[in-house]
Amino acid sequence: MPLTLTSLGCASALPTRENYFTAHVLNVRGRSFLLDCGEGTQLRLRQLDISLGSIEHIFITHLHGDHVFGLPGLLSSMQLLDRTTPVYIYAPGGMEKMLAFYFDFQSEREPSFPIIFREVHGEGLFQIMEGETARIYAFPLNHNIPAYGYLFREKSIRKSVPRSVAYCTDTAPHPDIPGWIKGVDLLFHEATFLEQDAVAAAKYLHSTARQAAQTALSAGAGQLLLGHFSSRYKETPAFLAEAREIFPNTELSTEGRIFSIPRRFITAT
Ligand SMILES: [Zn+2]
Ligand SMILES: [Zn+2]
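Reading the sequence shown from the start, the letters are residues 48 to 316 in our numbering.
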């Protein structure tokens, strides 16, 4: 069964005509994990026929609005759909307080289903969850508020090589990231800027496409997906060209694209 990552949005601080805010869905053998939840996430889920009910675990990288403003709407729709099963939200500290503000103004102060917050906090690479199909790890990013990347490692299934996916946004280059995600099959990495604006990237603690490619190369990644593009650029193919000079197997994580990692079987030697 393929393991897939679907892009729901690839904008950064401002949306564009084509691009919604950052969010992705990772599907590991039928289990859906939502990675970030920018504004418009539930609309994209609907457009792509991904059931809102299938989302059980949500991983938030950090509390900047372009990664979380879709949560109140998504949770509200889940309530309208009479959800009763829990939703787990993994996020740096403050997420619960941010959402409590929203629920305080609802007629029903408690949602119809449990929302279970798991605060992500730690150093180095650390495990935050073990599910039926995957182990999930977090690691600190290099951003201007606490931010964590996530690493999903599929649990072994008979005769096949476990696959892995890493999700890194928002971050400036961090010397330890390649080691933490060594050998990852699929790496989503932000590329807010092009190298021509490397000064701005450093100032706001973001990466250029070239820097993302260097991280993928150092990590020995299988494939690199770029996203979180600044709205200052009218054309995104420039990101692809810049990254491919360093890391040829790069793609743009534009809305609706589905990237899959096929199963590979262990060959007897
Ligand atoms: Zn962002
Ligand atoms: Zn940010």
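Where a beta carbon is used, it is the ideal one built from N, C-alpha and C, also for glycine. Bear in mind the structure is a predicted one, so any value in this text is a computation, not a measurement.
Would the C-beta of residue i count as close to ligand 2, meaning under 8 Å from any of its heavy atoms?
i, result
"A290", "no"
"H71", "no"
Sorted by chain position, which residues of the same chain lie with C-beta nearer than 8 Å to residue i's C-beta, five sequence neighbours on each side aside?
i, result
"S101", "S79"
"F286", "A238, L241, A256, L273, F276, Y280 and L299"
"Y251", "N191 and T239"
Give me whichever residues DSSP pairs with residue i in a beta bridge.
i, result
"A138", "E166"
"Y214", "Y197 and F235"
"H71", "S54 and L82"
"Q243", "Note: Q243 sits in no beta bridge, so no partner."
"M176", "I183"
"F306", "L52"
"T255", "F240"
With DSSP run on the structure shown, which of helix, strand or coil describes residue i?
i, result
"E289", "helix"
"L52", "strand"
"R64", "coil"
"E103", "strand"
"F312", "strand"
"L121", "helix"
"E143", "helix"
"F276", "strand"
"T88", "helix"
"T132", "coil"
"T301", "coil"
"S265", "helix"
If you drop the 5 nearest sequence neighbours on each side, which residues of the same chain put their C-beta closer than 7 Å to that of residue i?
i, result
"V75", "L50, T180, A181, F199 and E201"
"I228", "L198, A213, L234 and A266"
"I293", "R257, A260, Q261 and L264"
Should residue i be listed as close to ligand 1, given that the test is whether its C-beta is under 8 Å from any heavy atom?
i, result
"S207", "no"
"E237", "yes"
"A256", "no"
"S59", "yes"
"H275", "yes"
"H221", "no"
"D113", "yes"
Please return the same chain residues whose Cβ sits closer than 6 Å to the Cβ of residue i, not counting the five positions on each side in sequence.
i, result
"T131", "F160"
"M48", "R76"
"A268", "V231 and L234"
Q. Which residues have their C-beta within less than 6 Å of a heavy atom of ligand 2, listed in chain order?
A. H109, H111, H190 and D217
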